[in-house]
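Using our numbering, read the sequence shown as starting at 222 and increasing by one per residue.
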Amino acid sequence: MGDILIKGELGWVYLQDASESYAALKSLKLCSNSLHQSTSHTFASLVMPQLRSLTMTGFCLAAVSESPPHVLPWFQLERLVLDNSNFIPRYVKLCTNLRILEINLDLDAGHTGTSTPVVHNGIHTLKLLLEGLEDSDEAAWLEAFERDINPLSLPGLNSLHIEANSDYPPTRWPAVPMFDLLEKSCCKIDLTVLSFIDVYISNVELISFLHNTPSVEGLTVCDHSFHDYIEPNASAFPVTPTFISRLHAFWEDHTYRRPLTSFLPNLRRLSLRSRMNFEEHTFVEMVTSRWISPDSMPHTKLDAGVVCLRRVEVHVGHEIFQGRVFGTKVDPRNSAH
222 MGDILIKGEL GWVYLQDASE SYAALKSLKL CSNSLHQSTS HTFASLVMPQ LRSLTMTGFC
282 LAAVSESPPH VLPWFQLERL VLDNSNFIPR YVKLCTNLRI LEINLDLDAG HTGTSTPVVH
342 NGIHTLKLLL EGLEDSDEAA WLEAFERDIN PLSLPGLNSL HIEANSDYPP TRWPAVPMFD
402 LLEKSCCKID LTVLSFIDVY ISNVELISFL HNTPSVEGLT VCDHSFHDYI EPNASAFPVT
462 PTFISRLHAF WEDHTYRRPL TSFLPNLRRL SLRSRMNFEE HTFVEMVTSR WISPDSMPHT
522 KLDAGVVCLR RVEVHVGHEI FQGRVFGTKV DPRNSAH
């Protein structure tokens, strides 16, 4: 290979002598709508001993995945970012040292076919970006997950991030496939970080899912950004008073003798973005119920059924309407017991 071709804002740039070693290169992004198998083998001439992160977007995935394994140093990769394709399990299998997998799950990608199941014990972080269609339905999501996600089993998963593209109409939460992923990966007891960003999910669906993830220590839930796409009475905003009340650790009298049934008992960090119907009193009551003085810390988990909530962040309303943001530090030792 004599050159590397890079697409830039001002046109195409050629780099000469691309067959030399790129000793310091740690991250590589390939974007193409026209990469064919006949040209993908040229990557084999590149020496990239430090490459750890690879991003591939466009319709080059099939061409690269059908090439010999030595085309790219797959075994070196610790992070892989892909457009959805029925070749995703093949990539995962090639990347034996992979730690982070990010998938842009686009319902309009038009990929077809089936994949062979793959078990990968090393992946600890999975990020899914959901790109919906205006008329997307549950059948479409089931098909996409069946093709791209269901073949994967990730026993080492401890961090799951699900985000919908807010430039699209709301993407319906694929409840059944996500439950299946947790069940198959047997990671429910190990999942410690969980986030839902702009996902069209009701508070009932969210609570149901969280009942299956008792080990979660860090939780982020953000209501969808665009109300115009959603009917006013639709159950599409998860950060509701009902959800916040469910996070409460105790009954109304706050006595340690009557804790609620354990719900996220290991929660230490909580970040919420509420777009509507935010009840300040309910929120404060919930935080207070989980903010326990260090003096009682040795008995906290035994008596209260939950650990102490260490960090809380809440955003209310739409960003363009938010005024000044005020912050304060709270010391549990100086808080009322």
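We treat Cβ as the ideally placed atom computed from N, Cα and C, and that holds for glycine. Since the structure is predicted, the reported quantities are computational estimates derived from the model, not experimental observations.
Pull up the distance between the alpha-carbon of residue i and that of residue j, whole angstroms please.
| i | j | result |
| --- | --- | --- |
| V339 | L431 | 26 Å |
| I324 | D304 | 6 Å |
| L488 | F499 | 21 Å |
| P310 | S436 | 27 Å |
| L378 | F458 | 27 Å |
| L249 | R300 | 11 Å |
| V505 | R531 | 14 Å |
| D444 | D388 | 14 Å |
| Q297 | T278 | 19 Å |
| D419 | A385 | 5 Å |
| L560 | D369 | Past the boundaries of the shown model lies residue 560; the chain is included only from 222 to 558, so the question cannot be answered. |
| H341 | S416 | 22 Å |
| G538 | L267 | 49 Å |
| I422 | H502 | 24 Å |
| K314 | I321 | 13 Å |
| R467 | S274 | 39 Å |
| A396 | S429 | 10 Å |
| N424 | P462 | 9 Å |
| K348 | W394 | 15 Å |
CB-CB under 7 Å to residue i, same chain, minus the five flanking residues each way: which ones, in chain order?
| i | result |
| --- | --- |
| L246 | M269, Q271 and L272 |
| K522 | The pLDDT assigned to K522 is 48, lower than 50, so where the model puts this residue is not dependable, and the model offers no usable value. |
Pick out whichever of the options has its Cα sitting closest to the Cα of residue i.
| i | options | result |
| --- | --- | --- |
| S492 | S436, L315, V508 and P398 | V508 |
| V533 | F417, V442 and S483 | V442 |
| P294 | Y243, H341, D327 and F417 | Y243 |
| P486 | E501, P462, I513 and V460 | I513 |
| T346 | H469, V414, H502 and V528 | V414 |
| V528 | L326, T503 and S483 | S483 |
Go ahead and pull the three-state DSSP assignment for residue i.
| i | result |
| --- | --- |
| L431 | helix |
| E299 | coil |
| R368 | helix |
| P327 | Note on identity: in this sequence residue 327 is Asp, with Pro being the wrong assignment. In the structure shown, D327 sits in a strand (DSSP, three-state: E or B). |
| Y243 | coil |
| F504 | helix |
| A385 | strand |
| D401 | helix |
| S373 | Correcting the residue type first, residue 373 is Leu in the shown sequence and not Ser. Three-state DSSP puts L373 in a strand. |
| V528 | coil |
| L349 | strand |
| R511 | helix |
| V460 | coil |
| R489 | coil |
| L315 | helix |
| I422 | coil |
| I465 | helix |
Between residue i and residue j, which are expected to be in contact by the criterion C-beta below 8 Å, what is the C-beta distance as a whole number of angstroms?
| i | j | result |
| --- | --- | --- |
| L412 | F464 | Not really, about 19 Å apart at Cβ, beyond 8 Å. |
| L319 | G343 | 6 Å |
| I383 | L403 | Incorrect: roughly 12 Å between the Cβ atoms, too far for contact. |
| S406 | P376 | 6 Å |
| G439 | R496 | Contact flag wrong, Cβ pair sits at about 21 Å. |
Looking only at its own chain, which residues have a Cβ that is under 6 Å from the Cβ of residue i, when we skip the five neighbours before and after it?
| i | result |
| --- | --- |
| T276 | K250 and V302 |
| V560 | Residue numbering for the chain in the displayed model covers 222 to 558; residue 560 lies beyond these limits and cannot be assessed. |
| E317 | Before going on, a small fix: residue 317 reads as Thr here, not Glu. The residues are F296. |
| P519 | Caution is warranted here: a pLDDT of 48 is assigned to P519, below 50, making its placement in the model unreliable, and the coordinate value is therefore given only provisionally. Nothing listed; no residue qualifies. |
| A360 | none |
| H469 | M507 and S510 |
To which residues of the same chain is residue i closer than 8 Å at the C-beta, ignoring the five residues directly before and after it?
| i | result |
| --- | --- |
| P398 | W362, L363, F366, E367, I370 and N371 |
Compare the C-beta of residue i with all C-beta atoms of chain C and state if any pair is closer than 8 Å.
| i | result |
| --- | --- |
| M497 | As a matter of chain content, chain C is missing from the structure shown, which is built from one protein chain. |
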